[in-house]
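Undergrad: Counting along the sequence shown from 1, when you hit position 284 you're at 284 in full-length UniProt numbering, and nothing is skipped either side.
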Amino acid sequence: MDRFERLTVFVAVAEQRGFAAAARGLGLSPAAVTRAVAGLERRLGVTLLHRSTRAVSLTDEGAGFLDRARRILADLREAEQIVGGGRSVPRGQLYVTAPVLFGRLHVLPEIEDLLAAHDGLSARLMLVDRNVRIVEEGINVAVRIGVLADSALRAVAIGAVRQTIVASPAYLAKHGAPFDPADLRRHRCILGNGARVASAWSFGADGRTIVEVAPRLTVNSIDAEIRAAEAGLGLANLLSYQVADAIAAGRLVPVLADRAPPALPVSLLYEAARASMPSIRLFIDAMRARARRGAWT
């Protein structure tokens with residue numbers, strides 16, 4: 001095997017956490033997979049994997065090398081795509097990450113359309129409510145909601161979402177609606193534990209009016225937070241796209257809308273070196289078009 005093939009085998013073993021599973025996935029014999037990893041370790045002069053009769057795990061050196069191996073293989077695939085005429089036809093895998101609910105509602109439909117239109121394209125979608133390392137994980141495009149930190153990555157703003165304080169009609173009938181942010185201190189509030197977790201809720205045109213709320217309930221998913229609010233357990237601080245359907249159906253009612261802070265930007269992040277990839281260009285164009293249609297405002 002050449003060095004690229006050994007890297008492919010190593011990544012497969014690390015991801016599958018086993019030599020036998022990696023061998024099945026690669027269509028190789030377990031012995032060939034074992035020899036490939038051993039040869040890579042000899043070349044590098046380090047042990048990449050801890051072996052046991054039950055499992056395989058990464059050493060510290062292996063964990064650091066895994067990120068680089070993924071990046072090298074991703075760069076190789078992109079180089080092959082460009083040489084093979086990929087500048088105009090989307091081919092290979094498009095790897096996208098996005099927040100869970102936003103991705104399900106607004107990213108997955110666009111990826112479905114791209115796959116339907118381009119037979120040579122495949123996609124991988126990681127939905128997670130935390131920021132992941134784009135370069136190290138080999139991700140092509142990341143959807144981010146909120147103010148971006150300084151980065152060498154290229155960013156494209158495609159829209160914005162608003163903070164929306166909501167409660168069920170039953171809750172408001174029983175406890176009344178807050179008319180001022182300070183009123184929240186006497187209300188029951190629901191908190192999540194995703195990327196926007198905070199008991200300090202901001203208000204006003206500059207976002208500097210801060211109200212510290214005491215949660216009556218804390219949950220670990222947006223879906224659970226929405227359901228708890230619909231059940232009348234308290235007020236929830238969510239984003240406009242997350243509660244649009246519930247508000248339209250009358251299950252939730254927005255409050256303090258006139259005191260909301262500035263909207264949060266929705267951005268696409270990607271490496272500048274990958275900007276010419278047709279799959280990335282098509283995905284960015286599709287998300288811009290979706291934003292222009294007002295899909296999540």
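All C-beta atoms, glycine included, are put in the ideal place defined by N, C-alpha and C.
Can you tell me where the alpha helix (DSSP H) with P109 in it begins and where it stops?
TA: 108–117
Undergrad: Would A229 and V166 be called neighbours here (beta carbons separated by less than 8 Å)?
TA: yes
Undergrad: Excluding the 5 residues flanking L172 on each side, which residues of the same chain have their C-beta closer than 7 Å to its C-beta?
TA: V253.
Undergrad: Could you check how far apart the C-beta atoms of A160 and A244 are, in whole angstroms? I think they sit under 8 Å.
TA: About 14 Å separates the two Cβ atoms, so there is no contact after all.
Undergrad: Beta-carbon of V211 versus every beta-carbon of chain D: anything under 8 Å?
TA: Absence of chain D from the displayed structure is noted, only one protein chain being present.
Undergrad: Is it true that the region 29–37 meets the region 8–18, where meeting means three or more beta-carbon pairs spaced less than 8 Å apart?
TA: yes
Undergrad: For D285, which of I158, L115, S199, P181 has the nearest alpha-carbon?
TA: I158
Undergrad: Which value, in whole angstroms, describes the spacing of the CA atoms of L66 and P169?
TA: 51 Å
Undergrad: What I want to know is whether the C-beta of L264 ends up closer than 7 Å to one or more non-hydrogen atoms of the ligand FMN.
TA: Annotation note on the ligand FMN: not contained in the displayed structure, which lists no ligands.
Undergrad: Where do the N-terminal and C-terminal ends of the alpha helix (DSSP H) with E136 fall, by residue?
TA: 134–137
Undergrad: Are F203 and L148 touching if we call contact CB-CB under 8 Å?
TA: Not closer than 8 Å, so no.
Undergrad: Between L233 and I190, how many whole angstroms is the CB-CB distance? I'm expecting something under 8 Å.
TA: Correct: roughly 6 Å between the Cβ atoms.
Undergrad: Please give the ranges of any beta strand (DSSP E) in the UniProt domain "HTH lysR-type" (1–59), keeping only runs that are unbroken, at least 3 residues long and fully inside the region.
TA: 49–51, 56–58
Undergrad: Roughly how many angstroms separate the alpha carbons of V266 and R144, rounded to a whole number?
TA: 6 Å
Undergrad: Exposed or buried, what is N237 when buried is set at 16 or more other beta-carbons lying within 10 Å of its beta-carbon?
TA: A residue is called buried when at least 16 other Cβ atoms come within 10 angstroms of its Cβ; N237 meets this threshold and is buried.
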